[in-house]
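> First the structure, then my questions, so here it is.
Protein chains: 2
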Amino acid sequence: MADLVYQRVIKALQNQIDAGKFSDLKLPNERILAEEFQVSRSSIKKALNSLIQRGVVFQKQGAGTFINPLYLKNRPMFDIAGDNVGVTDTFQRNGKRPDIKVIDFNVVPASPEVQESLFLEPGEFVYEIQRLRSFDDQPFMIEDGFVPIKLVPDLTKKNIAGSLYKYLHESRNIAVTRSFLTISADVSTANDQKLLNLKPVEPVGVMEGIFFMDRGTPIEFSHMRLHYKFMRYNTFTLLN
Amino acid sequence: MADLVYQRVIKALQNQIDAGKFSDLKLPNERILAEEFQVSRSSIKKALNSLIQRGVVFQKQGAGTFINPLYLKNRPMFDIAGDNVGVTDTFQRNGKRPDIKVIDFNVVPASPEVQESLFLEPGEFVYEIQRLRSFDDQPFMIEDGFVPIKLVPDLTKKNIAGSLYKYLHESRNIAVTRSFLTISADVSTANDQKLLNLKPVEPVGVMEGIFFMDRGTPIEFSHMRLHYKFMRYNTFTLLN
DNA sequence: CAGTGGTCTAGACCACGAA
DNA sequence: TCGTGGTCTAGACCACTGA
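For the record, the sequence lines run as chains P and X. Using numbering that gives the first Met the number 0, you'd call the opening residue of the first sequence number 0 and step up by one each time. Using numbering that gives the first Met the number 0, you'd call the opening residue of the second sequence number 0 and step up by one each time.
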């Protein structure tokens, strides 16, 4: 992990920035950095790109590489960037007591949609996991998740009563590190209204996503319908 | 702009994907693509990285490059881009025409919320820009934007009838490169229903965000209410 | 074992910004 | 004009996947 050249550079630069080494907010130019770290300029660029993505620095052609003043001034805001796997973590705040109720747990053949989303062969089986999540006694999310059985052959109802990803990580050494999410809104159905305690006029937020393991293997396809007051997705984006 | 190698590759691949060329959801490997486009593998990688960030494809080491099935299923209508909302090529190819109608344009003192979002001092003034965006004659977004007057002292109603960010870029050499967005959903108000042509039970998607110039200075605080069928936000997230 | 993405290098030339 | 980041190339070797 830390033996990668660009990872080493990222860490070193991040540490130097946090330690206030660049008091004028300007980093040495890329060629100098390459010299200092004894690596190629490409590796420096890759490392700097990562810091740019995180909002730590920005670059201006012809001028140089600078620390984002907002990063120093308002760091907590930047820590939000990249949230959202382990839906629990995202919503776990304020000392509220999270609760997960398993509505349904079955092994079913993958539907065409699920099959395509998880890149399965026809006829492969998946767990279907329907859960209702609450904070204190306020339900806020209906979750319908699909996980290939071949990736986690021994899943039980007990495992999924808590955090699925925590179980995968701790018991199976599977780390979920990437996700594709689509976020939209929809009119609430009768079922939504019943489970989430919504009035007919109140909508749901919809989040649909594919979650990936380290090496890019899809591990879960998930469809989530949220009480509209509880869907709040924050994202920090680099444009273009 | 379009004369850049990797930009050309991005566009070509995006077009091919949208046209359904890769029916098995698998792209040729990077070396083949480099050969086909007569460019280096590095340029292919740079182009693919962009598509990955947009949630169009994902890669799996040792296996290949694959189209994100969610992208095909939930193709976004627009991108959050230079002009906080940019119509995708996909949409434009359908012959739809984007339109912007200016509802209101004023200079007002910054409210506490706006002041905090744009890092202004008490008493500073901002433009308030209310616009309604449509495709063909279907309005899809009510936009309420705030821009500090000190950053763009000469803004006129004419400038904002088109792309504000295009104007900033071309006339003021201000590039908007980052955004911090919060996405949620809400019950539609009477005003929403009137402007967006919604039934009372139909909701709006809400996107609220701060847009930054490349030096990290906030240039716009924007509150957007979207027809729920047109809000479709795709993200790719890397954790850690 | 062959295929494919990941990392890394060394160097060339271009485009922009500031003095 | 000169310093700086941006783009691009050609090629080497590593690490993982899947048959």
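Glycine included, every Cβ here is placed at the ideal spot set by N, Cα and C. Given the structure is predicted, the values throughout are model-derived calculations rather than measurements.
Please give me, in chain order, every unbroken run of the beta strand (DSSP E) with length at least 3 that falls completely inside the region 76 to 157 of chain X.
97 to 108, 124 to 134 and 137 to 147
> For leucine 225/X versus phenylalanine 139/X, is the C-beta spacing smaller than 9 Å?
yes
> Under 8 Å between beta-carbons, which chain P residues line up against alanine 183/X? List them in chain order, please.
Before going further, note that residue 183/X is serine rather than alanine in the sequence given. Going along chain P in sequence order, the residues near serine 183/X (Cβ under 8 Å) are Gly204, Tyr227, Met230, Arg231 and Tyr232.
> Run down chain P in chain order and give the residues with a C-beta less than 9 Å from the C-beta of glutamine 114/X.
Per Cβ cutoff of 9 Å: no residues; glutamine 114/X is ~14 Å from chain P at best.
> Which chain X residues sit within Cβ distance under 9 Å of phenylalanine 235/P?
Arg177, Ser178, Phe179 and Leu180
> Against chain X, with Cβ distances strictly below 9 Å, would threonine 188/P count as a contact?
Using beta-carbon distances, threonine 188/P does not count as an interface residue toward chain X, since no partner is under 9 Å.
> Consider the Cβ of isoleucine 99/P: report whether some Cβ of chain X lies at a distance smaller than 9 Å.
no
> I want to verify the contact list: residues of chain P whose CB lies under 7 Å from the CB of glutamate 201/X, in sequence order.
One finds Val186 in chain P with Cβ atoms closer than 7 Å to the Cβ of glutamate 201/X, taken in chain order.
> For a contact meaning CB atoms closer than 8 Å, what does lysine 59/P contact in chain X?
Asp213 and Arg214
> Report back the beta-carbon spacing between leucine 180/X and methionine 212/X to the nearest angstrom; my notes put them in contact at under 8 Å.
Not a contact, Cβ separation roughly 16 Å.
> So is serine 22/P buried or exposed if we call it buried at 16+ other beta carbons inside 10 Å?
Exposed is the call here.
> Need the endpoints of the beta strand (DSSP E) that proline 68/X sits in, please.
Proline 68/X -> not in any beta strand (DSSP E); alpha helix (DSSP H) instead, spanning 68 to 72.
> Name the chain P residues whose beta carbon is nearer than 7 Å to that of phenylalanine 145/X?
Ordered by position in chain P, no residue passes the 7 Å Cβ test against phenylalanine 145/X, which lies about 17 Å from the chain.
> Got a sec? Which residues, its chain only, sit under 6 Å from leucine 117/X by beta carbon, not counting five neighbours each side?
These residues qualify, in order along the chain: Pro147, Pro217 and Phe220.
> Measuring CB atoms only, is the region 142 to 160 of chain P touching the region 108 to 117 of chain P, in the sense that at least three cross pairs come out at less than 8 Å?
yes
> How is the beta strand (DSSP E) around valine 175/X delimited, first residue to last?
175 to 185
> I need the DSSP call for glutamate 201/P, collapsed to helix, strand or coil.
coil
> In this structure, how does DSSP classify serine 162/P when only helix, strand and coil are distinguished?
coil
> What would DSSP say about valine 56/X, mapped onto helix, strand or coil?
strand
> Applying the 10 Å Cβ sphere with the 16-neighbour rule, what's the burial state of asparagine 172/X?
exposed
> For tyrosine 126/X, which option in Lys165/X, Arg132/X and Thr155/X has the closest C-alpha, if you only look at C-alpha atoms?
Per the C-alpha coordinates, the member of Lys165/X, Arg132/X and Thr155/X positioned closest to tyrosine 126/X is Thr155/X.
> What would DSSP say about phenylalanine 220/X, mapped onto helix, strand or coil?
strand
> Verify the CB distance criterion: does glycine 122/P have a CB-CB separation below 9 Å to chain X?
No, glycine 122/P does not count as interfacial toward chain X.
> Would you say asparagine 67/P lies against chain X (beta-carbon separation less than 9 Å)?
yes
> Among all the DSSP beta bridges, which residues are the ones paired with tyrosine 232/P?
Ile182/X
> Taking 9 Å as the cut-off, decide whether the C-beta atoms of asparagine 67/X and valine 55/X are in contact.
yes
> Does DSSP classify threonine 36/P as helix, strand or coil?
The question names threonine, but residue 36/P is phenylalanine in the sequence shown. DSSP, read as helix, strand or coil, puts phenylalanine 36/P in helix.
> Quick one: is glycine 54/X near chain P, going by C-beta distance under 9 Å?
yes
> Starting from lysine 20/X, follow the alpha helix (DSSP H) in both directions and report where the run begins and ends.
Where lysine 20/X is concerned, there is no enclosing alpha helix (DSSP H), given that its DSSP letter is neither H nor E.
> With a threshold of 9 Å between beta-carbons, can lysine 72/X be considered close to chain P, or not?
yes
> Count the other CB atoms within 10 Å of the CB of glutamine 37/X; is the residue buried (16 or more) or exposed (fewer)?
exposed
> What residue from Tyr5/X, Asp78/X, Leu71/X and Asn14/X has the CA that sits closest to serine 42/X's CA?
Tyr5/X
> DSSP three-state call for leucine 26/P: helix, strand or coil?
Note: leucine 26/P maps to strand in three-state DSSP.
> Indicate whether at least one CB of chain P lies closer than 9 Å to the CB of proline 138/X.
no
> Which residues in the same chain have their Cβ closer than 6 Å to the Cβ of leucine 26/X, if we skip the five residues on either side of it in sequence?
Thr64
> Here's the rule I'm using: 16 or more other beta-carbon atoms within 10 Å means buried, otherwise exposed. How should arginine 30/X be labelled?
exposed
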